[in-house]
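A.B. asks: In UniProt numbering, the protein residues as written are 1 to 201.
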């Protein structure tokens, strides 16, 4: 029998009181709605694995949830997911996450966090997450209330995507026939100004 703890622990592994006690003792830390041993780094794969246990396999983490997975924003109170319009996936209503239907091409998403996560050796296929450029565009179109001025976050996502400025994002924004393009272009301009101010453009 192995003494190694699974990567992600839940109340099905140990009672919540025990998990909380282990957290207070410095043996575990919170990862979303779950716990993880302290000898594992809290990285994007770990955050993605914790969310993959909450939602159906077709769910795509987007906007502020994707930024949290990438380690660029605090965990949102309510996670944001989307599904392709053709997915026909059912999501039970939850106060913990919201889901919307979108047009999302496969080149805009990446699968993160595949791995074994429990003592029962449950294999999680990982979680689909919007890529940093798509996440930046979505946040420019629909800025979350937690970030009324999303320019610094958008700038950081653009840099993570490997772009020195907002040119690629503006081009993608103009090519899409999605709503709030004017708002998005304004936020992208502010993000580019933030990148320039930091000497990154």
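Beta carbons: idealized from backbone N, C-alpha and C, even for Gly.
Check this for me: beta carbons of residue 85 and residue 102, under 8 Å apart or not?
C.D. replies: Taking the first residue of the chain shown as position 1, residue 85 is located at position 85. Taking the first residue of the chain shown as position 1, residue 102 is located at position 102. Yes, the Cβ-Cβ distance between residue 85 and residue 102 is below 8 Å.
A.B. asks: For the beta strand (DSSP E) that residue 80 lies in, which residues bound it at each end?
C.D. replies: Here residue 80 refers to the residue found at position 80 when the chain shown is read from its first residue. 79-84 is the extent of the beta strand (DSSP E) around residue 80.
A.B. asks: Curious, which full-length alpha helix (DSSP H) runs of at least 4 residues does the segment 163-188 contain?
C.D. replies: 167-175
A.B. asks: Please report the straight-line C-alpha distance between residue 71 and residue 44, rounded to a whole angstrom.
C.D. replies: Here residue 71 refers to the residue found at position 71 when the chain shown is read from its first residue. Here residue 44 refers to the residue found at position 44 when the chain shown is read from its first residue. Taking the straight line from one Cα to the other gives about 7 Å.
A.B. asks: On the premise that residue 135 lies in contact with residue 63, defined as a C-beta separation below 8 Å, what is that separation, rounded to the nearest angstrom?
C.D. replies: The sequence position of residue 63 within the chain shown is 63, counting from 1. The sequence position of residue 135 within the chain shown is 135, counting from 1. 7 Å between Cβ atoms; contact.
A.B. asks: For residue 152, I'd like the list of residues in its chain whose CB is within less than 8 Å of its CB, leaving aside the five on either flank, ordered along the chain.
C.D. replies: Taking the first residue of the chain shown as 1, we reach residue 152 at position 152. Counting only Cβ-Cβ distances below 8 Å, and skipping sequence neighbours, we find 191 and 194.
A.B. asks: Helix, strand or coil for residue 129 per DSSP?
C.D. replies: In the chain shown, the residue the question calls residue 129 occupies position 129. Strand, per DSSP.
A.B. asks: Taking 8 Å as the cut-off, decide whether the C-beta atoms of residue 140 and residue 57 are in contact.
C.D. replies: Working through the chain shown from its first residue, we reach residue 140 at position 140. Working through the chain shown from its first residue, we reach residue 57 at position 57. Result no, Cβ atoms of residue 140 and residue 57 do not sit closer than 8 Å.
A.B. asks: Just reading off the alpha helix (DSSP H) that residue 36 is part of, what are its end residues?
C.D. replies: Position 36 of the chain shown, counted from the start, is the residue given in the question as residue 36. That residue, residue 36, is in no alpha helix (DSSP H); its beta strand (DSSP E) goes 34-37.
A.B. asks: Cutting at 7 Å between CB atoms, please list the residues of its own chain near residue 105, excluding the five before and the five after it.
C.D. replies: For the purposes of this step, residue 105 is taken as the residue at position 105 of the chain shown. Contacts found: none.
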